[in-house]
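Letter by letter, the sequence shown follows residues 48 to 588 in our numbering.
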Amino acid sequence: MIVIRACIMLCLLTSANPDSFAKTESVDSLIRELNTAASDSMHVNILNKLCKRLTRKSPEEAFQYASEAATIAKIIGFNKGLAESFTHMGVVKYNGGDYEEAIDYYAQALAILKELNNAGQKAKVLNNIGVVNLRRGKYDIAVEYFLKSLKIKQELGDKRGIATCMNNIAIVFEERGDYDKALDYNFQSLKTNESLNNKEGIARSLNNIGVLYRDQGNDLIALEYYRKSLKIKEELEDNKGIAMVYNNIGVVYDNMYDKARNQIHFEKAMEYYFKSLKIRKSQKDKNGIADNLNNLGTLFEEIGEYDTALVYYGESMKIRVELGEKEGMARCLNNMAEVFENQGNPDKAIEFCNKSLSIASELGTKAIQKSNYFILALSYEGKNDYKLALANYKLYTEVKDSLFNENKSKEIGKLEAKYDFEKALEERERLEAENLRAENESKQRRNNLQYSGILIFLVLSFALVFMLGRISVPNRLAEGMIFFSFLLFFEFTLVLLDPYIDRYSSGAPAIKLGFNALLAGLIFPLHSFIETKLKGRIVKS
Numbered sequence: 048m049i050v051i052r053a054c055i056m057l058c059l060l061t062s063a064n065p066d067s068f069a070k071t072e073s074v075d076s077l078i079r080e081l082n083t084a085a086s087d088s089m090h091v092n093i094l095n096k097l098c099k100r101l102t103r104k105s106p107e108e109a110f111q112y113a114s115e116a117a118t119i120a121k122i123i124g125f126n127k128g129l130a131e132s133f134t135h136m137g138v139v140k141y142n143g144g145d146y147e148e149a150i151d152y153y154a155q156a157l158a159i160l161k162e163l164n165n166a167g168q169k170a171k172v173l174n175n176i177g178v179v180n181l182r183r184g185k186y187d188i189a190v191e192y193f194l195k196s197l198k199i200k201q202e203l204g205d206k207r208g209i210a211t212c213m214n215n216i217a218i219v220f221e222e223r224g225d226y227d228k229a230l231d232y233n234f235q236s237l238k239t240n241e242s243l244n245n246k247e248g249i250a251r252s253l254n255n256i257g258v259l260y261r262d263q264g265n266d267l268i269a270l271e272y273y274r275k276s277l278k279i280k281e282e283l284e285d286n287k288g289i290a291m292v293y294n295n296i297g298v299v300y301d302n303m304y305d306k307a308r309n310q311i312h313f314e315k316a317m318e319y320y321f322k323s324l325k326i327r328k329s330q331k332d333k334n335g336i337a338d339n340l341n342n343l344g345t346l347f348e349e350i351g352e353y354d355t356a357l358v359y360y361g362e363s364m365k366i367r368v369e370l371g372e373k374e375g376m377a378r379c380l381n382n383m384a385e386v387f388e389n390q391g392n393p394d395k396a397i398e399f400c401n402k403s404l405s406i407a408s409e410l411g412t413k414a415i416q417k418s419n420y421f422i423l424a425l426s427y428e429g430k431n432d433y434k435l436a437l438a439n440y441k442l443y444t445e446v447k448d449s450l451f452n453e454n455k456s457k458e459i460g461k462l463e464a465k466y467d468f469e470k471a472l473e474e475r476e477r478l479e480a481e482n483l484r485a486e487n488e489s490k491q492r493r494n495n496l497q498y499s500g501i502l503i504f505l506v507l508s509f510a511l512v513f514m515l516g517r518i519s520v521p522n523r524l525a526e527g528m529i530f531f532s533f534l535l536f537f538e539f540t541l542v543l544l545d546p547y548i549d550r551y552s553s554g555a556p557a558i559k560l561g562f563n564a565l566l567a568g569l570i571f572p573l574h575s576f577i578e579t580k581l582k583g584r585i586v587k588s
C-alpha cells in the first residue's frame, strides 16, 4: 500500500509569515488602513496584503480580497498590483487543490511580470508553477520551472529563494528514489534558512527531512524531525502546516504498527490522522482531505477491514478525480488493487493495477510503478500464470534498483554538477578564510611580542638617559646614548604609524617622506631640550 506523506512545497511569493505580520500589521489594522487609503493603488496594495495575511486562516476571504484588488488594478492600469493579485489567487487555488485554476492565475501573473521586467517576482511565480506541477506528478515540467527560478534567484543573490528551490528540487529527487541527494539538498536548505532565521523555511526543511528518514525506515529519527517542525508551525499559527505534520506523524505510527502490530501505534496513527483531517476540513483543503482519507484506508487495510479501507480509498479517489490530481489517482488505484489482491480477487487487482500503472508510467513515478509491478506479480501468481508473474517481478526488481534514466536526469544532472561545484568552491573559500585568519592572528601575536620588547628596551634606554648626571660618564658617551634613544624612539613610532601613513599616502614616496619629516620635526625640539638639560646636569656634577 502507498501511504501519502506530505512534503511542504512553498509558494514563496505569498507564503505569509504570521509571526512577522503579527509584529507589524494585523488584519484589523490593515482594514483600518483600507478605509483611509489615499489612492486606488494604495487600496490595491492593502487588499493584496490582506489576502496574504489570510491565505491560510481564511482562504475564501483571502481570495475575495485578491479578486477585488485585481478588479481595481485592471481599471486603473496598475499592472504590478494586478500581477501580485493573480499570484495570490493562484496560491489560494493551489492550497485548495484547484490546480488548473492555480496554473491559469500564475500564467496571467507571469505574462505581466515579463512585460514589467520584474525578475524577482517572476522567479517566485516560476517556482510556484513548478510546485503545482510537482504536486500533480509532472516532475520533468516541475524541474524545468525550478531551474528557471533558481537561475534568477542566484543572479539576484536571493538566499531565501535559493533555499526554497533547493527544497523543491529535493522533493523531485525523493520522488525518483534518490534519498541521499534529497537529504543533501534539504540539509543545505535547512542551513540557509537557519542562517536567515527563517522559521517557516526551517519548519519546512525539518518536515521534509523527517519524510526522507521515514521513507528509509528510520521512524524514530523521523518523529524527532516532525516534532521540531510541529513546534515551529504551532508558534507561527500555521494551521495548514500543523495539519500536514499531524498527517506525517500519523504515517510514522502507521508504519510502526505495520512492523510490530502494537495497538498503541495503531491508536496513535488514527489519532493524528483524524486531528489532521479535522483541520483540513475546516480549511476546505481538498487535497489534504484526500491524503488523510487515503491514509485512513491504509490503516484499516492493515487490520484486515478491507471493505472500510475501500470506502476511504473511494472517497479519496473521488476528490482526486475532481481535482485532476493524477499522482493521487495513481496511488488510490494502486491501494485499491492491493486490497483486491488481499481479498483473493486477482482479476480486479490486475484491472486496478493496470489503471494505476498507466498513470504512473505517464508521470514517471517509480515508487508507484514498483508497487504496481509487485502486486501484478502476486496477482498473476494467484491465477497460476507464472510466466506473467515472473515478468512483472523482474520489472519490479528493475524499477526498485534503478534511480534515473538518461533522459529524465539530464537537466537535474546539470544542476547537481553545478551545485556540487559551488559547494566545493564555498568550502575552499571557507578554508582559505580560516587559514588567513589563523595566519593574521599568528602575525599579530608575533608583532605584539616584538612591540612589547622594543617598548621595554626604550623605557630602559630613557631611564638610563635620565640617570645621567647622577653617574659619571664622558660627554660624548652621554650624547651618543641620548641620540641612540631618540633614534630608536623615532623608528619605533614610524613602525607603529606606518599602516596609517600608508592608508593616507596610498604608498606615494613623496607623501610618506613628508610624514617622516613632520614626525622628525616634532621629535627634534624634544631631543634638543632633553640633551641641553642633561648636559647641564653632567657639567654641574
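C-beta: ideal position from N, C-alpha, C; glycine also.
Quick caveat: nothing in here was measured; it's all calculated off a predicted structure.
Check                                                                                                                                                                                 : Outcome
Measure the C-alpha to C-alpha separation of histidine 312 and tyrosine 112 and round it to an integer number of angstroms.                                                           : 43 angstroms
Going by DSSP in three states, glycine 264 sits in which element: helix, strand or coil?                                                                                              : coil
Taking the alpha-carbon positions, what's the aspartate 305 to glycine 128 distance?                                                                                                  : 51 angstroms
Quick one: measure Cβ to Cβ for serine 252 and asparagine 240, integer angstroms, because I've assumed they're closer than 8 angstroms.                                               : 6 angstroms
Relative to the C-alpha of lysine 121, which candidate in Gln155, Glu108 and Asp151 has its C-alpha closest?                                                                          : Gln155
One question on the structure: do tyrosine 359 and tyrosine 319 come within less than 7 angstroms of each other, judged by their Cβ atoms?                                            : no
Checking 7 angstroms against the spacing of the C-beta atoms, do lysine 603 and proline 393 come in under that value?                                                                 : Because the chain in this structure spans residues 48 to 588, residue 603 falls outside the shown range and cannot be described.
So asparagine 302 and aspartate 266 are supposed to be a Cβ contact under 8 angstroms. How far apart are they, rounded?                                                               : 6 angstroms
Buried or exposed, going by whether 16 or more other CB atoms sit within 10 Å of the CB of phenylalanine 347?                                                                         : buried
Exposed or buried, aspartate 225, counting other C-beta atoms within 10 Å across all chains shown (16 or more means buried)?                                                          : buried
Return the chain-ordered list of same chain residues with a C-beta closer than 6 angstroms to the C-beta of asparagine 180, the five sequence neighbours on each side being excluded. : Ile188 and Ala189
Look at serine 592 and asparagine 341 and say whether their C-beta atoms are less than 7 angstroms apart.                                                                             : Missing from the structure shown is residue 592; the chain here goes from 48 to 588 and no further.
In three-state DSSP terms, what is glutamate 488?                                                                                                                                     : helix
Between the Cα of threonine 444 and those of Ala170, Asp432, Asn419 and Asn286, spot the shortest distance and give me the residue it belongs to.                                     : Asn419
Output the boundary residues of the alpha helix (DSSP H) element that contains serine 73.                                                                                             : Taken as a continuous stretch (DSSP letters only), serine 73 belongs to no alpha helix (DSSP H), as it is neither H nor E.
In its own chain, which residues sit with a C-beta less than 6 angstroms from the C-beta of alanine 384, not counting the 5 before and 5 after it?                                    : Ala396, Phe399, Cys400 and Ile422
Let's see if you can read the secondary structure: which residues bound the alpha helix (DSSP H) around isoleucine 188?                                                               : 186-203
Which residues in the same chain have their Cβ closer than 7 angstroms to the Cβ of asparagine 439, if we skip the five residues on either side of it in sequence?                    : Tyr420, Leu423, Ala424 and Tyr427
Taking 7 angstroms as the cut-off, decide whether the C-beta atoms of lysine 434 and isoleucine 406 are in contact.                                                                   : no
If contacts are defined as beta-carbon pairs under 8 angstroms, then tyrosine 152 and phenylalanine 133 qualify, I think. What distance do you get, rounded to the angstrom?          : 5 angstroms
Near leucine 357, which residues of its chain fall below 6 angstroms by C-beta distance, leaving aside the five closest residues on each side in sequence?                            : Val386
Going along the chain, which residues of its own chain have a beta-carbon closer than 7 angstroms to the beta-carbon of isoleucine 336, five neighbours each way excluded?            : Leu324, Arg327, Lys328 and Ile366
Alpha carbon to alpha carbon, how far is phenylalanine 234 from isoleucine 268?                                                                                                       : 15 angstroms
Output yes or no for whether 7 angstroms exceeds the beta carbon distance between glycine 297 and alanine 316.                                                                        : yes
Measuring alpha carbon to alpha carbon, tell me which of Lys169, Tyr192 and Arg182 ends up nearest leucine 203.                                                                       : Lys169
Could you give the uninterrupted runs of the alpha helix (DSSP H) lying entirely in the region 381-456, keeping only those of 4 residues or more?                                     : 393-410, 413-429 and 433-448
Does DSSP put leucine 569 in a helix, in a strand, or in coil?                                                                                                                        : helix
I need the boundaries of the alpha helix (DSSP H) containing serine 323, first residue and last residue.                                                                              : 310-329
Would you give the residue range spanned by the alpha helix (DSSP H) that serine 363 belongs to?                                                                                      : 353-370
Please name the residue, chosen from Lys413, Glu247, Val258 and Gly264, that lies closest to aspartate 285 on a Cα-to-Cα basis.                                                       : Glu247
According to DSSP, is isoleucine 459 helix, strand or coil?                                                                                                                           : Low confidence applies to isoleucine 459: its pLDDT is 48, below 50, so where it sits in the model is not reliable, and the reading given next is rough at best. Helix, per DSSP.
For alanine 485, is the classification buried or exposed, using 16 other Cβ atoms within 10 angstroms of its Cβ as the cut-off for buried?                                            : exposed
Tyrosine 186 and leucine 173 - do their beta-carbons sit closer together than 7 angstroms?                                                                                            : no
Report the option in Lys413, Ala109, Val91 and Ile123 whose CA atom is closest to the CA atom of glycine 137.                                                                         : Ala109
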